[in-house]
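2 protein chains.
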Amino acid sequence: MKAAILHGKHELTVEAVPDAVLQAPGDAVVRVVVAGICGTDLHGYNGLPGPVTGPRCGHEFVGVVEDVGTEVSTLRPGMMVVAPFNFADGTCAACQAGLPSACAAGGMFGVDGDGAQAEAVRVPFADANLVAVPVDENDERLSSLLALTDTMATGLHAVRTGRVAPGSSVAVLGDGPVGMCAALAAREAGADRIILVGRHEARLGKGREFGATDTFLARGPESAAESIDFVRAATQGRGADVVVECGGGPQTQNTAFAVCRTGGTVCVMGSPPIGDVTPVFFRGITLAGGLTPARAYLPDLVERVLAGTLAPGSIFEKEVALDDIVSGYEVMAARTATKVLVRP
Amino acid sequence: MKAAILHGKHELTVEAVPDAVLQAPGDAVVRVVVAGICGTDLHGYNGLPGPVTGPRCGHEFVGVVEDVGTEVSTLRPGMMVVAPFNFADGTCAACQAGLPSACAAGGMFGVDGDGAQAEAVRVPFADANLVAVPVDENDERLSSLLALTDTMATGLHAVRTGRVAPGSSVAVLGDGPVGMCAALAAREAGADRIILVGRHEARLGKGREFGATDTFLARGPESAAESIDFVRAATQGRGADVVVECGGGPQTQNTAFAVCRTGGTVCVMGSPPIGDVTPVFFRGITLAGGLTPARAYLPDLVERVLAGTLAPGSIFEKEVALDDIVSGYEVMAARTATKVLVRP
Chain A
3 MKAAILHGKH ELTVEAVPDA VLQAPGDAVV RVVVAGICGT DLHGYNGLPG
53 PVTGPRCGHE FVGVVEDVGT EVSTLRPGMM VVAPFNFADG TCAACQAGLP
103 SACAAGGMFG VDGDGAQAEA VRVPFADANL VAVPVDENDE RLSSLLALTD
153 TMATGLHAVR TGRVAPGSSV AVLGDGPVGM CAALAAREAG ADRIILVGRH
203 EARLGKGREF GATDTFLARG PESAAESIDF VRAATQGRGA DVVVECGGGP
253 QTQNTAFAVC RTGGTVCVMG SPPIGDVTPV FFRGITLAGG LTPARAYLPD
303 LVERVLAGTL APGSIFEKEV ALDDIVSGYE VMAARTATKV LVRP
Chain B
3 MKAAILHGKH ELTVEAVPDA VLQAPGDAVV RVVVAGICGT DLHGYNGLPG
53 PVTGPRCGHE FVGVVEDVGT EVSTLRPGMM VVAPFNFADG TCAACQAGLP
103 SACAAGGMFG VDGDGAQAEA VRVPFADANL VAVPVDENDE RLSSLLALTD
153 TMATGLHAVR TGRVAPGSSV AVLGDGPVGM CAALAAREAG ADRIILVGRH
203 EARLGKGREF GATDTFLARG PESAAESIDF VRAATQGRGA DVVVECGGGP
253 QTQNTAFAVC RTGGTVCVMG SPPIGDVTPV FFRGITLAGG LTPARAYLPD
303 LVERVLAGTL APGSIFEKEV ALDDIVSGYE VMAARTATKV LVRP
């Protein structure tokens with residue numbers, strides 16, 4: 003089969019690899035119908051630190067079950083399935099606590115197992131991870147289902163851990179796919195003001211479609227003070243009840259605390275907190291967020307997509323064939339497409 | 003009047019200082035009836051970093067109003083009052099958000115104003131800070147009221163920000179006064195298991211009186227691994243739902259994350275988080291706690307003390323006269339008394 007292989011910075015090729023096969027009785031092999039390119043993939047592609055360093059790439063996919071192990075009971079070949087980007091065993095204490103994202107036996111597709119930017123993927127603990135969806139390969143909701151696997155689940159996790167409630171003010175720092183989905187999830191949760199801070203005029207426009215009520219175009223690190231002023235002005239000087247930090251890195255995290263109201267919550271969604279978190283102590287700010295337990299959210303999210311009440315699929319602004327995946331990475335790296343869908 | 007003055011490490015003297023006087027129309031002058039010595043005071047006394055560096059010392063007191071400014075409307079000379087250790091203006095956004103502890107115009111007695119280990123204290127924004135209590139100077143509940151000003155309010159803040167609920171498991175790291183009060187607050191909140199980790203056998207015994215269901219005697223930093231094993235064993239291997247970190251410092255904070263269940267909450271009560279907080283991201287742990295908004299909790303706490311349903315006063319194991327305050331610092335530094343009450 004074919005798969006995207008990262009050999010080093012900007013050295014991404016599509017080449018023949020051994021076919022995905024069952025290795026354990028709980029495995030399934032899934033033929034990929036659509037896969038996503040994630041900002042995390044770009045880190046690896048650009049030679050920057052991050053979980054994705056190759057050789058396999060991709061952790062977002064929707065596909066069709068091709069084969070199942072002897073212990074798989076809920077899936078049959080031919081079923082269309084949505085996978086969470088991070089698989090888990092479904093049985094450990096973390097999984098039982100609703101956080102499969104922290105499962106010690108689990109991992110991330112492409113990092114701890116087959117990559118999704120490929121023709122097929124072996125899925126460990128298939129019963130615990132795959133969610134069957136009654137749609138066919140040409141369903142127009144496939145892009146929205148694909149958006150659930152990582153970005154929408156992450157946006158929702160921010161809103162849940164931030165305890166966004168009707169009337170809340172929410173500041174979203176970062177106008178990438180997660181920021182879009184966080185705005186959408188905040189709107190669904192009844193937030194009153196949703197303030198999106200980003201660096202791309204076109205994305206801010208899309209952000210308004212996704213629920214942002216106020217947008218601010220930051221020009222880079224030198225705009226941090228203006229961003230802070232903007233969010234404060236939009237919240238009667240108080241700061242936002244909940245801040246969703248999607249940028250990653252200490253500077254955005256510092257800005258997140260600066261725009262959070264005293265006693266509010268900062269949700270770090272882009273990368274682990276490594277900056278100054280002393281406002282937790284001095285300003286009573288709760289620090290939450292983190293890796294989304296995507297699988298825990300999938301059933302509800304899938305139901306909403308199928309019902310037509312949730313449609314985050316428009317974060318995909320370009321579609322490429324697997325053979326042409328490099329062009330997908332390039333437009334995302336150039337920020338000319340928010341997110342790219344890959345069709346093997 | 004007389005006040006305790008810290009001139010440097012172990013150089014604490016009681017000497018004559020200018021009388022506390024009204025300086026603003028919202029001020030009150032309070033004659034101190036009982037004051038406390040806090041662990042924070044010990045840091046300064048021992049020449050260690052911390053907010054208390056002298057010259058004035060002490061931030062816990064109960065006293066009698068002697069004089070009020072022209073704008074004070076709720077207090078009259080002769081009233082017995084309890085003060086929060088940190089005063090605030092009562093009107094700013096932080097105060098309105100229920101976090102007077104983050105009031106920019108506020109501060110801590112002894113640090114940003116008169117110290118409580120003195121015959122009298124000037125209290126800024128008196129209406130917003132002082133809570134009148136209908137007791138006399140000989141009331142046996144004075145020690146419990148004094149405990150509310152800082153330690154009990156801090157223990158309660160841990161339980162509130164940690165969202166301790168009926169059935170919760172709570173690990174308390176540190177067997178000082180705050181740890182005791184956190185155990186007591188956890189019991190009041192209906193926690194099922196309250197696991198106290200400390201370094202002093204006698205204090206662990208007191209901790210059981212305050213609500214601890216399980217106690218572990220740690221012998222120092224080398225006992226960290228055993229402490230972790232103990233808490234995990236007491237929680238079916240999962241870790242505690244809520245961890246109250248009262249020790250301060252990165253090592254205890256690391257232990258706090260290690261004994262917290264995936265998806266649980268770590269409350270830092272002793273000092274700002276400065277260690278590795280990446281479990282917030284990878285294990286879905288919420289980081290909360292911080293400086294208690296004591297004034298916000300005082301009315302409810304005072305009511306419970308007066309009703310006889312809350313009696314944290316036994317954390318005071320020794321009483322000294324102001325002139326003899328150095329002996330109080332010495333027994334606390336030697337850990338032969340959990341906490342000392344000072345009577346000017």
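Same order as they appear, the protein sequences are chains A and B. If you number the first sequence the way my numbering does, the last residue is 346 and the count never jumps. If you number the second sequence the way my numbering does, the last residue is 346 and the count never jumps. Just so it is clear, CB atoms sit at the ideal spot from N, CA and C, and this is done for glycine as well. Just so it is clear, the structure is predicted and the values come from calculations on it, not from any experiment.
message = For C97 (chain A), report the span of its alpha helix (DSSP H) as first-last.
response = By one-based count along the first sequence, residue 97 (chain A) stands at place 95. First-last of the alpha helix (DSSP H) with C97 (chain A): A95 to Q98.
Taking a Cβ distance cut-off of 7 Å, strictly less, list which residues of the stretch 275 to 286 of chain B are near chain A, in chain order.
P275, V279, T280, V282, F283, F284, R285 and G286
| query | Which value, in whole angstroms, describes the spacing of the CA atoms of G192 (chain B) and E319 (chain B)? | reply | Here residue 192 (chain B) is taken as the residue at index 190 of the second sequence, counted from 1. Here residue 319 (chain B) is taken as the residue at index 317 of the second sequence, counted from 1. Taking the straight line from one Cα to the other gives about 27 Å.
### Message
Check for me: the alpha helix (DSSP H) holding A227 (chain B) runs from which residue to which?
### Response
Mapped onto the second sequence, residue 227 (chain B) falls at position 225. Looking at the DSSP string, the run of the alpha helix (DSSP H) that includes A227 (chain B) is A226 to A236.
Which residues in the same chain as P275 (chain B) place their Cβ atom closer than 7 Å to its Cβ, once the five residues preceding and following it in sequence are excluded? To locate residue 275 (chain B), count along the second sequence from 1; it is residue 273. These residues qualify, in order along the chain: Q255 and L289.
- prompt: Is the Cβ-Cβ distance between V64 (chain A) and L186 (chain A) less than 7 Å?
  reply: Residue numbering aside, residue 64 (chain A) sits at position 62 when the first sequence is read from its first letter. Residue numbering aside, residue 186 (chain A) sits at position 184 when the first sequence is read from its first letter. Against a cut-off of 7 Å, the Cβ pair of L186 (chain A) and V64 (chain A) comes out as no contact.
*asked:* With distance defined between alpha-carbon atoms, name the residue in A:A258, A:V261, A:F284 and A:F259 nearest to C269 (chain B).
replied: By one-based count along the second sequence, residue 269 (chain B) stands at place 267. When each option's Cα is compared against that of C269 (chain B), the closest is A:F284.
| request: Using the DSSP secondary-structure output, state which residues sit across from D216 (chain A) in a beta bridge. | output: One-based indexing of the first sequence puts residue 216 (chain A) at position 214. Its beta-bridge partners are A:I197.
* **Three-state secondary structure assigned by DSSP to K11 (chain B)** => If you number the second sequence from 1, residue 11 (chain B) lands on position 9. The answer is coil: DSSP assigns K11 (chain B) none of H, G, I, E or B.
Practice item. Establish whether the CB of G265 (chain B) and some CB of chain A are separated by less than 7 Å. Key: Numbered from its first residue, the second sequence carries residue 265 (chain B) at position 263. Closer than 7 Å: yes.
Checklist line | Proximity test, Cβ basis, 7 Å: T288 (chain B) and chain A | finding: Within the second sequence, numbered from 1, the residue matching residue 288 (chain B) stands at position 286. Yes, T288 (chain B) counts as interfacial toward chain A.
**Asked** Could you give the residue range of the beta strand (DSSP E) that holds T267 (chain B)?
**Response** By one-based count along the second sequence, residue 267 (chain B) stands at place 265. Counting along the chain, the beta strand (DSSP E) containing T267 (chain B) begins and ends at C262 to V270.
ask   = Taking any Cβ of chain E, which residues in the stretch 78 to 101 of chain A have a Cβ under 7 Å from it, in chain order?
value = In the structure shown, chain E cannot be found, because the protein chains are A and B.
From S75 (chain B) to D129 (chain B), what does the alpha carbon distance come to, in whole angstroms? Here residue 75 (chain B) corresponds to residue number 73 of the second sequence, with the count starting at 1. Here residue 129 (chain B) corresponds to residue number 127 of the second sequence, with the count starting at 1. About 7 Å.
Q) Can the beta-carbon of V54 (chain A) be found less than 7 Å from the beta-carbon of D43 (chain A)? A) Position 52 of the first sequence holds residue 54 (chain A). Position 41 of the first sequence holds residue 43 (chain A). Their beta carbons are under 7 Å apart, which means V54 (chain A) touches D43 (chain A) by this criterion.
Let me check understanding here. Comparing Cα to Cα, which of A:A339, A:V344, A:D302 and A:V322 lies closest to V133 (chain A)? Translated into positions along the first sequence, residue 133 (chain A) becomes position 131. Comparing Cα positions, the closest option is A:D302.
- Take A258 (chain B) and list the residues in its own chain whose beta-carbon comes closer than 7 Å to its own, dropping the five residues that flank it on each side. Within the second sequence, residue 258 (chain B) is the residue found at index 256, counting from 1. The residues are L175, V245, E247 and V268.
On the three-state DSSP scale, how would you describe N88 (chain A)?
Your numbering for residue 88 (chain A) matches position 86 in the first sequence. Strand at N88 (chain A).
Closer than 8 Å is the cut-off here; do at least three beta carbon pairs connect the stretch 189 to 207 of chain A with the stretch 158 to 171 of chain A?
yes
* Asked: Is it the case that the Cβ atoms of T22 (chain A) and R124 (chain A) are separated by a distance below 7 Å?
  -> As a first step, residue 22 (chain A) must be located in the first sequence, where it is residue number 20. As a first step, residue 124 (chain A) must be located in the first sequence, where it is residue number 122. Checking the sequence, you will find Ala at residue 22 (chain A) rather than Thr. In this structure, R124 (chain A) lies closer than 7 Å to A22 (chain A) by Cβ.
Next on the checklist: For A184 (chain B), count the other beta carbons within 10 Å of its own beta carbon; 16 or more makes it buried, fewer makes it exposed. Which is it?
Outcome noted: Looking up residue 184 (chain B) in the second sequence gives position 182. Classification for A184 (chain B): buried.
Quiz item: Considering R297 (chain B), what are the terminal residues of the alpha helix (DSSP H) in which it resides?
Solution: Taking the second sequence and counting its residues from 1, one reaches residue 297 (chain B) at position 295. Element bounds for R297 (chain B): A296 to A309.
- Does DSSP put F127 (chain A) in a helix, a strand or coil? What you label residue 127 (chain A) is simply residue 125 of the first sequence in a count that begins at 1. If DSSP states are grouped into helix, strand and coil, F127 (chain A) belongs with coil.
- prompt: Nearest CA to the CA of E211 (chain B): which residue from B:E224, B:P102, B:P223 and B:I196?
  reply: Here residue 211 (chain B) refers to the residue found at position 209 of the second sequence. Looking at the Cα atoms, B:I196 is the closest of the given residues.
Is the Cβ of G52 (chain B) closer than 7 Å to any Cβ of chain A? Here residue 52 (chain B) refers to the residue found at position 50 when the second sequence is read from its first residue. G52 (chain B) does not count as touching chain A.
| query | What is the rounded straight-line gap between the Cα of A227 (chain A) and the Cα of K11 (chain A)? | reply | Position 225 of the first sequence, counted from the first residue, corresponds to residue 227 (chain A). Position 9 of the first sequence, counted from the first residue, corresponds to residue 11 (chain A). Their Cα atoms are separated by approximately 33 Å.
Subject >> Helix, strand or coil at G207 (chain A) according to DSSP, with G and I counted as helix >> reply: Indexing the first sequence from 1 puts residue 207 (chain A) at position 205. Of the three classes helix, strand and coil, the one that applies to G207 (chain A) here is helix, per DSSP.
P27 (chain B) vs E73 (chain B) beta-carbon contact at 7 Å: Residue mapping note: residue 27 (chain B) aligns to position 25 of the second sequence, counting from 1. Residue mapping note: residue 73 (chain B) aligns to position 71 of the second sequence, counting from 1. Against a cut-off of 7 Å, the Cβ pair of E73 (chain B) and P27 (chain B) comes out as a contact.
| request: Below 6 Å CB to CB, which residues in the same chain sit around A2 (chain A) once its five sequence neighbours on both sides are set aside? | output: For residue 2 (chain A) there is no data in the structure shown, the boundaries of chain A being 3 and 346.
Exercise for review: Less than 8 Å between the CB atoms is what I'm expecting for D177 (chain B) and G200 (chain B), so what's the real figure, rounded?
Suggested key: The residue you call residue 177 (chain B) lines up with position 175 of the second sequence. The residue you call residue 200 (chain B) lines up with position 198 of the second sequence. Yes, they are in contact, since the Cβ atoms of D177 (chain B) and G200 (chain B) sit about 2 Å apart, within 8 Å.
Check your understanding: Can you tell me where the alpha helix (DSSP H) with I327 (chain B) in it begins and where it stops?
Key -> Taking the first residue of the second sequence as position 1, residue 327 (chain B) is located at position 325. Element bounds for I327 (chain B): I327 to A335.
Note to self: Report the CB separation of M271 (chain B) from T151 (chain B) in whole angstroms; it is logged as a contact under 8 Å.
What the structure shows: Numbered from 1 along the second sequence, position 269 holds the residue referred to as residue 271 (chain B). Numbered from 1 along the second sequence, position 149 holds the residue referred to as residue 151 (chain B). About 15 Å separates the two Cβ atoms, so there is no contact after all.
* Report yes or no: is there a C-beta of chain A within less than 7 Å of the C-beta of G164 (chain B)? => Along the second sequence, read from residue 1 onward, the residue named residue 164 (chain B) stands at position 162. Chain A contact via Cβ: absent.
Sort B:V279, B:I7 and B:G292 by Cα distance to G112 (chain B) and report the nearest one.
To locate residue 112 (chain B), count along the second sequence from 1; it is residue 110. The residue with the shortest Cα to Cα distance from G112 (chain B) is B:I7.
### Message
For G71 (chain A) and L14 (chain A), which I take to be in contact (beta-carbon distance under 8 Å), what is that distance rounded to the nearest angstrom?
### Response
Counting from one through the first sequence, the residue named residue 71 (chain A) turns up at place 69. Counting from one through the first sequence, the residue named residue 14 (chain A) turns up at place 12. Contact doesn't hold; Cβ gap of about 31 Å is too wide.
Can you have a look at A18 (chain B) and say buried or exposed, based on whether 16 or more other CB atoms are within 10 angstroms of its CB? Here residue 18 (chain B) refers to the residue found at position 16 when the second sequence is read from its first residue. By the neighbour-count rule (16 or more Cβ atoms within 10 Å), A18 (chain B) is not buried but exposed.
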